[in-house]
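*Asks:*
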Amino acid sequence: MTGLLDDIKVVDLAGPAITYTGRMLVDLGADVVLVEPPDGSRSRLLAPVATVASGVTISAHFAYMAAGKRSVTLDLTSAVAAPTLERMLEWADVVLVTPDDSDPLPAGLDLEAWSEAHPRLVVTVVTPFGLRGPRRTWHGSDLTGWAAGGVLPFVGDADRPPLSPAGGLAYATASTNAAMATMLALRTRTSTGRGQLIDISVQEAVMSVALEAGPYMVMETVSIPYERTGMRRSTPPIGQYRTKDGAVSIVGYMPGQWDALASWIAEETGNDAITLDTFGGTPAARSPYVEAIDAWIEELTTRYTKQDFFEEAQRRGIPVGPVNSIADLVADPHLEATEAWRFVEDPEIGTIRYPRPPIRVDGDAGDVGRIPSVGQHTDEVLRDALGMTPIEIAGLRASGTI
């Protein structure tokens, strides 16, 4: 996508689990330089890993997060690399820091010194627990983020241990906050001339969007019983319901939505009891009858495929969505019509399908760049962006620094 961040230069000092922040900035037009060790980032080995027809092994995580970035190799543990890193920070508008999971904030990363030496630089840091407080040096993963953020007690079945949401969404949530804060800091810089230090805690990011846990936090002085409810809620019709070929998700909060669903059930099953005033009104009013109502709903949903039920429910004004698999998404005619997929040709891997960047500006959804090979752009960046001479670059290479 062009036009939003076209002039912004970003140095991405990513740890093994590269965050979504840099990918978002790439999608908005920024020039993002991914700094890797000379032998490549460990994120290139993160599961799931596939071997393609050419014999090349590729990490799906890396392929997604690194798409469109430029790769520069630099051994940040070497004192020889320090002047080069300083020149990169002088060149950049933003530096992204996601410390290695084996050392949440390495001592060599003096963030305040960077801000002092490069006053226009926006320094954005994503860590498990933030840069302050007694847990600032603690390790963490995506699962840690969900657990520490108060979400896990609500995920899963009541009679089983809690489940972790899939897809690395705790770090994705923190990364989205980091990208937003970075852009706001860049905007502020236009008037103040100074960058800022952005401190994003994964734990706090999860807390900020934990809609299930949120009311319990707000009403901390009130004793509210809660338990995991699995694929359903205790206030029907809210949850997943079986169909002929999978499941649909129904969220019928409003009285009119319930009335439409109840009328539909009565029409097709002959169950007029569901339309009684006893079951009308708010979802909470139906809580005492949750088992019966869920069974009546599935008597209707199991007569349909998930797509047919979805379309008929939408026609009747009932909020319903099919529980899609990846295969469903790939075959979805709506996504095809909206050009929701981007196809990138890679000389080693072949054709790669990506979801398009999720932001459209004046109808432009932007494209997805190629996956960089290890150090593919090292000479290009050192020479053209940092103004280093061939002799300087050769010296770094001879020392094993790049």
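First residue of the sequence shown? That's 47 in the working numbering, and the numbers climb one at a time after it.
In this text, a Cβ means the ideal position worked out from N, Cα and C, and glycines have one as well.
Any idea if histidine 380 is buried or exposed, counting beta-carbon neighbours within 10 angstroms, 16 or more meaning buried?
*Replies:* Flag for histidine 380 reads exposed.
*Asks:* Threonine 397 lies in the beta strand (DSSP E); which residues open and close that run?
*Replies:* Unbroken beta strand (DSSP E) run through threonine 397: 396–401.
*Asks:* Would you list the residues sitting across from arginine 429 in a DSSP beta bridge?
*Replies:* Partner(s): none; arginine 429 has no beta bridge.
*Asks:* Is the number of C-beta pairs between the region 213–222 and the region 66–85 that are closer than 8 Å three or more?
*Replies:* A contact exists between the region 213–222 and the region 66–85.
*Asks:* Taking all protein chains shown into account, decide if lysine 115 is buried (16 or more other Cβ within 10 angstroms of its Cβ) or exposed.
*Replies:* Its Cβ being crowded by 16 or more others within 10 Å, lysine 115 is buried.
*Asks:* Are three or more beta carbon pairs between the region 191–198 and the region 118–129 nearer than 8 Å?
*Replies:* Short answer: they don't touch.
*Asks:* Starting from glycine 17, trace the alpha helix (DSSP H) in both directions and tell me its first and last residue.
*Replies:* Because residue 17 is not part of the residues shown, which for the chain are 47 to 448, the question remains open.
*Asks:* List the DSSP bridge partners of proline 199.
*Replies:* DSSP output for proline 199 lists no bridge partner at all.
*Asks:* Can you round the beta-carbon distance between proline 404 and proline 329 to whole angstroms, since I take them to be within the 8 Å contact cut?
*Replies:* Proline 404 to proline 329, Cβ: 30 Å. No contact.
*Asks:* Would you tell me roughly how many angstroms separate the C-alpha atoms of glycine 292 and lysine 352, rounded to the nearest one?
*Replies:* Going by the C-alpha atoms only, they are around 6 Å apart.
*Asks:* Where histidine 107 and alanine 93 are concerned, what is the direct C-alpha to C-alpha distance, given to the nearest angstrom?
*Replies:* Approximately 7 Å, taken between the alpha carbons.
*Asks:* Buried or exposed: where does glutamate 346 fall if 16 or more other Cβ atoms within 10 Å of its Cβ makes it buried?
*Replies:* The question names glutamate, but residue 346 is leucine in the sequence shown. Buried is the call here.
*Asks:* If you check the beta carbons only, do tyrosine 287 and isoleucine 343 fall under 7 Å apart?
*Replies:* Yes, they are a contact pair.
*Asks:* In the DSSP assignment, what residue or residues form a beta bridge with tryptophan 247?
*Replies:* It should be pointed out that residue 247 corresponds to serine in this sequence rather than to tryptophan. DSSP lists Thr173 as partners of serine 247.
*Asks:* Please list the segments of the alpha helix (DSSP H) lying wholly inside the region 61–134, counting only runs of 4 or more residues, in order along the chain.
*Replies:* For the region 61–134, whole alpha helix (DSSP H) runs of length 4 or above, ordered along the chain, are 66–73 and 106–111.
*Asks:* Quick check: the region 370–390 against the region 86–105, are at least 3 beta-carbon pairs closer than 8 Å?
*Replies:* No, the region 86–105 is not in contact with the region 370–390.
*Asks:* Taking the C-alpha atoms as reference points, what is the distance between leucine 442 and threonine 234?
*Replies:* Their Cα atoms are separated by approximately 36 Å.
*Asks:* Which residues mark the beginning and the end of the beta strand (DSSP E) in which arginine 388 is found?
*Replies:* First-last of the beta strand (DSSP E) with arginine 388: 387–392.
*Asks:* At what residues does the alpha helix (DSSP H) containing glycine 191 begin and finish?
*Replies:* First-last of the alpha helix (DSSP H) with glycine 191: 188–194.
*Asks:* Exposed or buried, which one is valine 98 when buried takes at least 16 other CB atoms within 10 Å?
*Replies:* Classification of valine 98: exposed, given that the 10 Å Cβ count is below 16.
*Asks:* Over what stretch of residues does the alpha helix (DSSP H) that includes glycine 441 continue unbroken?
*Replies:* Element bounds for glycine 441: 436–444.
*Asks:* Let me check understanding here. Comparing Cα to Cα, which of His185, Ile398, Ala331 and Pro174 lies closest to methionine 22?
*Replies:* With the chain covering only 47 through 448, there is no way to say anything about residue 22.
*Asks:* Would the region 393–413 and the region 423–438 be scored as touching if the rule is three or more Cβ pairs under 8 Å?
*Replies:* Taking 8 Å as the limit for Cβ pairs, the verdict is that the region 423–438 does not touch the region 393–413.
*Asks:* How is the alpha helix (DSSP H) around aspartate 374 delimited, first residue to last?
*Replies:* Run containing aspartate 374: 372–376, per the alpha helix (DSSP H) assignment.
*Asks:* Smallest Cα separation from serine 187: which of Phe200, Gly214, Pro208 and Leu177?
*Replies:* Here the closest residue by C-alpha is Gly214.
*Asks:* Closest to leucine 230 by CA distance: which of Asp139, Phe200 and Asn317 is it?
*Replies:* The shortest C-alpha separation from leucine 230 is found at Asp139.
*Asks:* Write down the C-beta distance between threonine 321 and alanine 331 rounded to the nearest angstrom, noting that I regard them as a contact closer than 8 Å.
*Replies:* So it is not a contact: roughly 14 Å between Cβ atoms.
*Asks:* May I have the straight-line CA-CA distance separating alanine 113 from arginine 416, to the nearest angstrom?
*Replies:* Near 5 Å, if we compare the C-alpha coordinates of arginine 416 and alanine 113.
*Asks:* How far does the beta strand (DSSP E) with leucine 59 in it reach, from first residue to last?
*Replies:* Note, leucine 59: beta strand (DSSP E), 55–59.
*Asks:* Do valine 172 and threonine 144 have their CB atoms nearer than 7 Å?
*Replies:* Yes, Cβ-Cβ distance for valine 172 and threonine 144 is below 7 Å.
*Asks:* Which two residues bound the contiguous alpha helix (DSSP H) that contains leucine 142?
*Replies:* No alpha helix (DSSP H) holds leucine 142; the beta strand (DSSP E) holding it covers 140–143.
*Asks:* Quick one: give me the first and last residue of the beta strand (DSSP E) that valine 366 is part of.
*Replies:* Taken as a continuous stretch (DSSP letters only), the beta strand (DSSP E) holding valine 366 covers 366–368.
*Asks:* Does the distance from the C-beta atom of tryptophan 160 to that of alanine 431 stay below 7 Å?
*Replies:* No, Cβ-Cβ distance for tryptophan 160 and alanine 431 is not below 7 Å.
*Asks:* Under the rule that 16 or more other beta-carbon atoms within 10 Å means buried, what is tyrosine 299, buried or exposed?
*Replies:* Exposed.
*Asks:* Aspartate 410 bridges to which residues according to DSSP?
*Replies:* Val407.
*Asks:* Taking all protein chains shown into account, decide if alanine 444 is buried (16 or more other Cβ within 10 angstroms of its Cβ) or exposed.
*Replies:* Exposed, since its Cβ has fewer than 16 Cβ neighbours within 10 Å.
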